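What follows is a short report on a single structure.
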Amino acid sequence: MPPKGASTAVQPIRLQSVTRLKIRHPDKQEPNPCLGPMSAMLNCWAAGAAAGGCGHLEKALRDCMDGPKQPPGDKSTINHHLARLYPNISGPKKRKS
1 MPPKGASTAV QPIRLQSVTR LKIRHPDKQE PNPCLGPMSA MLNCWAAGAA AGGCGHLEKA
61 LRDCMDGPKQ PPGDKSTINH HLARLYPNIS GPKKRKS
């Protein structure tokens, strides 16, 4: 309940105007495929296993590192489309006189 003498009219909320829409990091980075074999090899070494015990993990990591590199993924076009469609969303601009 409002205090005595105060208006009960609902005040509209004014939001800041946005000059342009933009997604900060539209492209997600894929994890390195050699991360698993490297982690397994380092854990094997940390456990104190003999060099022969970790040989298969070293070979798996070497095969992964020597293999072909993955091609980079397609870049996201979301920011291009947001910039292109923003004038249709925001409506006409006010003229400065």
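Residue numbering for the sequence shown follows the UniProt record's numbering, starting at 1 and increasing by one per position.
The beta carbon of each residue, even a glycine, is placed where N, CA and C say it ideally should be.
All values reported here derive from a predicted model rather than from experimental measurement.
Your pair Glu58 and Met41 checks out as a contact, with CB atoms roughly 6 Å apart and the cut at 8 Å.
From the listed residues Ile23, Gln70 and His56, the smallest Cα separation to Glu30 is found for Gln70.
Of Lys22, Pro12 and Ser90, the smallest CA-CA separation from His80 is found for Lys22. Distance from the CA atom of Pro26 to the CA atom of Ala49, rounded to whole angstroms, is 43 Å.
A distance below 8 Å between beta-carbons, with the five flanking residues on each side excluded, links Pro33 to the following residues of its chain, in chain order: Cys64 and Gln70.
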